[in-house]
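For the working numbering, add 4 to where a residue sits in the sequence shown, where the first one is 1.
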Amino acid sequence: MKKSTLYSVIRIVIAIAPFIPLSIAIYNRKYDHWIPPVIELLALGLFIISILYLLTELLIMSSKGLKGKVKNNFMLLMASTLVFSVLVFTFNLWT
5 MKKSTLYSVI RIVIAIAPFI PLSIAIYNRK YDHWIPPVIE LLALGLFIIS ILYLLTELLI
65 MSSKGLKGKV KNNFMLLMAS TLVFSVLVFT FNLWT
């Protein structure tokens, strides 16, 4: 496996990781299962870590002058943030 392909897979896994506990929290909220808010906090923590990783990678790429990769990374960052926010507010998780 090439190094660039491995980094692409790692970047996508990091971007998707917060949505796994978030989907569990949505399922529990939808069917009125009460569990401690650990899953929501885990999803939020993973989301913050993924955003920080993607921002760090964005800064490194922009300092190297890689315009195409900066645009792709920025779009992944924005899409991840938008989907996470929409899911949280649609299913009323943190109120």
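Just so it is clear, CB atoms sit at the ideal spot from N, CA and C, and this is done for glycine as well. Given the structure is predicted, the values throughout are model-derived calculations rather than measurements.
Through-space distance from residue j to residue i, alpha-carbon basis
i	j	result
residue 76	residue 90	21 Å
residue 65	residue 50	22 Å
residue 7	residue 13	10 Å
residue 25	residue 15	18 Å
residue 46	residue 9	28 Å
residue 57	residue 88	16 Å
residue 2	residue 92	In the structure displayed, the chain extends from 5 to 99; residue 2 sits before or after that span and is not available.
residue 94	residue 78	24 Å
residue 67	residue 27	35 Å
residue 11	residue 38	38 Å
Buried/exposed call for residue i, threshold 16 Cβ in 10 Å
i	result
residue 30	buried
residue 19	buried
residue 83	exposed
residue 59	exposed
residue 101	Here the chain has residues from 5 to 99 only, and residue 101 is not among them.
residue 40	exposed
Rounded Cβ spacing between residue i and residue j (contact assumed at less than 8 Å)
i	j	result
residue 55	residue 85	7 Å
residue 81	residue 97	So it is not a contact: roughly 21 Å between Cβ atoms.
Query raised in the report: Touching or not, the segment 33-40 and the segment 68-79, by the rule of three or more beta carbon pairs under 8 Å?
Result: no
Query - alpha helix (DSSP H) runs contained entirely in the segment 29-86, provided each spans 4 or more residues - result: 42-68
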